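The structure appears below as structure tokens.
Numbering (the UniProt record's numbering), first residue to last: 1 to 287.
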């Protein structure tokens, strides 16, 4: 029991659960963070050590309470499993009682002025790109905002559907029904593990028509991941031949935020849509 390592603990935990790769990655990231703080294995961890780590994270690293509470949630789940399975000797989970009550923060949204600035920037890149030829396959210098038509479609999907990043990455070509005007969101990409369908509003429709057309030109099949820049960018085709992970998406929003000089993320679109819906509950704010 004393020889249980964090590697063994997480491995056993993953075997016992049915977690998405992104979720497993989140656990591994938190565990690496804790291992960077202490050289001790899980059997030696007590509540005092957890509180010392909390002080380091909140005071020395100046992380937000939400970040800390997220770390606690992951570690507490691992230790609950380890104690229950007899892998760890602790009588009580050392991460119990370590949560910090977060202050109430205003939800971060995008203003109309920011939306306009963002679209102006993307239109500039799109105009420059169109001037080089309207091929479905981009072959230019590396830039996280290119091909602009593809990333503009991504932006429109987030804006007009308010879906999550992981849901977008799990949309297949066959999930887009242009005739009936809806998109199927499958279980794999859903946070609540439920399938559901989102409508394609009129403002989003032209972007998806273009995406589906160019996907067909590129040879994409109905079961292929449609929001995979590798299908449309020769520079990244070898890196993402079948499935694109979240890294190009993060790089795009990082570059977009830098050029716009304000923060833009998929989650800000969700908050923006939700805020407008609360202000006008009887109106479709995504038309």
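Even for Gly, the Cβ is constructed at its ideal location relative to N, Cα and C. These numbers come from a predicted model, not from an experiment.
Taken through DSSP and simplified to helix, strand or coil, residue 61 comes out as coil. In this structure the stretch 230-240 does not touch the stretch 257-272; the number of beta carbon pairs closer than 8 Å is below three.
For residue 196, the three-state secondary structure derived from DSSP is strand.
The three-state secondary structure of residue 166, taken from DSSP, is helix. Annotation for residue 185: the continuous beta strand (DSSP E) segment containing it runs 182-185. Looking from the CA of residue 77, the closest CA among 62, 152, 143 and 98 belongs to 98.
The beta carbon of residue 118 sits closer than 8 Å to those of 110, 155, 256, 260 and 264, all from its chain and outside the five residues before and after it, given in chain order. Segment contact: the stretch 70-84 against the stretch 2-22, three or more CB-CB distances shorter than 8 Å; contact assigned. The alpha-carbon separation between residue 152 and residue 196 amounts to approximately 24 Å. Per the coordinates, the alpha-carbon of residue 103 lies some 34 Å from the alpha-carbon of residue 7. For residue 220, no alpha helix (DSSP H) encloses it, and the DSSP letter there is neither H nor E. If one requires a minimum length of 4 residues, the alpha helix (DSSP H) runs lying completely within the stretch 222-262 are 234-237 and 247-260, in chain order. The stretch 205-221 and the stretch 172-184 touch, with three or more beta-carbon pairs separated by less than 8 Å. The beta carbon of residue 65 lies closer than 6 Å to those of 100 and 102 in the same chain, with the five residues before and after it left out. For residue 176, the pairing in a beta bridge is given by DSSP as 183. Annotation for residue 75: 30, 34 and 95 place their beta carbon closer than 7 Å to its own, counting only its chain and skipping 5 residues before and after.
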